[in-house]
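Last residue of the sequence shown? That's 215 in full-length UniProt numbering, and every number before it is there in order.
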Amino acid sequence: MNQNRLERRLGILGFIQAYCLDNSISPTVRDIQRACEVSSTSIVHSDLRWLHAMGYIDWVSGTARGIKVLDRDGEPVPNVPKVQVVGYVQAGEPIHYFSLQGAESSEEFDTVEVPPGLRRRHDGLFGLKVKGTSMVDALVDDGDVVIVRQTPVANNGEMVIAWLKDKEETTLKRFYSEGLRVRLQPANSAFDPIFCSAEDVEIKGKVVHIHRDLI
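Here it is as structure tokens:
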């Protein structure tokens, strides 16, 4: 097979997988044509027939959104986006900073399912398992997983992952900029706020979702 054709078809498969995860529905033929920059819908149809024949997808021609990506056993892959949990974060006294390096290959942590719209609105998501109870009044309890968007900035009142440079520690708190200092505010009256110079605080991300196992 022509290498360019193979790459195009695998690119279409990758687009379908990502689209299904982000939208919980499959793309239309025209969605695929536009996103993958294919010259005509007839070529897209031909590529979909090939992907179907090879067992990559289940597809009924003529159905607007009838494409299903299949796993190795020929079963439909659920259209549920997941985020990698990469470590722990302390909701209490700060702990030494987690590392994102090598997180994808970690066997200690798993992935968690998140709402489809979350992946559409935010890039660079990762999960951290919470240790401690300093944020319980913000509905974040010990054992929950916070879904974090990587960003170096935050607005006052947002829940953040803060890296304290001088102590080489990280913590989960609400962020407040107060001139030359920063207040990291817990959501539990049993814990005191953390005050430090603005230069000593580095925002690693802000919380955009909270995942809790109900079992």
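Quick reminder that beta carbons are idealized off the backbone N, C-alpha and C, glycines included.
Distance, residue 174 Cα to residue 31 Cα
For the purposes of this step, residue 31 is taken as residue 31 along the sequence shown, with counting starting at 1. For the purposes of this step, residue 174 is taken as residue 174 along the sequence shown, with counting starting at 1. Taking the straight line joining both Cα atoms gives about 40 Å.
Three-way DSSP call (helix, strand, coil) for residue 179 in this model
For the purposes of this step, residue 179 is taken as residue 179 along the sequence shown, with counting starting at 1. Of the three classes helix, strand and coil, the one that applies to residue 179 here is coil, per DSSP.
For residue 50, which beta-bridge partners are listed by DSSP?
As a position in the sequence shown, residue 50 is number 50, starting the count at 1. Checking the DSSP bridge columns, you'll see residue 50 has no partner listed.
Let me confirm a value: residue 126 is counted as buried when at least 16 other C-beta atoms fall within 10 Å, else exposed. Which label applies?
Numbered from its first residue, the sequence shown carries residue 126 at position 126. Label assigned to residue 126: buried.
Over the uninterrupted alpha helix (DSSP H) stretch that includes residue 34, give me the two end residues.
The residue given as residue 34 occupies position 34 in the sequence shown. Element bounds for residue 34: 29-35.
Ends of the alpha helix (DSSP H) at residue 162?
Counting from 1 along the sequence shown, the entry for residue 162 is found at position 162. Careful: residue 162 lies outside any alpha helix (DSSP H), inside the beta strand (DSSP E) at 159-164.
Residue 25 burial status per 10 Å Cβ neighbour count (16 or more: buried)
As a first step, residue 25 must be located in the sequence shown, where it is residue number 25. When all chains shown are included, residue 25 counts as exposed.
Given a threshold of 16 other Cβ atoms within 10 Å of its Cβ, counted over all protein chains shown, does residue 3 qualify as buried or as exposed?
For the purposes of this step, residue 3 is taken as the residue at position 3 of the sequence shown. Answer is exposed; the Cβ neighbour count stays below 16.
Which of helix, strand or coil DSSP assigns to residue 215
Here residue 215 refers to the residue found at position 215 when the sequence shown is read from its first residue. Reliability of the predicted coordinates at residue 215 is poor, the pLDDT of 49 falling under 50, and the value obtained from them is presented with this limitation in mind. Of the three classes helix, strand and coil, the one that applies to residue 215 here is coil, per DSSP.
Locate the beta strand (DSSP E) running through residue 58, then write down its first and last residues.
The residue labelled residue 58 in the question sits at position 58 within the sequence shown. Residue 58 -> beta strand (DSSP E) spans 57-59.
Through-space distance from residue 71 to residue 202, alpha-carbon basis
Locating residue 202 in the sequence shown gives position 202, counting from the first residue. Locating residue 71 in the sequence shown gives position 71, counting from the first residue. So the two alpha carbons sit approximately 41 Å from each other.
Tell me, to the nearest whole angstrom, how far the beta carbon of residue 180 is from that of residue 194; I am working on the premise that it is less than 8 Å.
Looking up residue 180 in the sequence shown gives position 180. Looking up residue 194 in the sequence shown gives position 194. For residue 180 against residue 194, the beta-carbon gap comes to about 15 Å, at or over 8 Å, which does not count as contact.
Option in 163, 91 and 112 with minimal Cα separation from residue 131:
Position 131 of the sequence shown, counted from the start, is the residue given in the question as residue 131. If we check each option's Cα against that of residue 131, 91 comes out closest.
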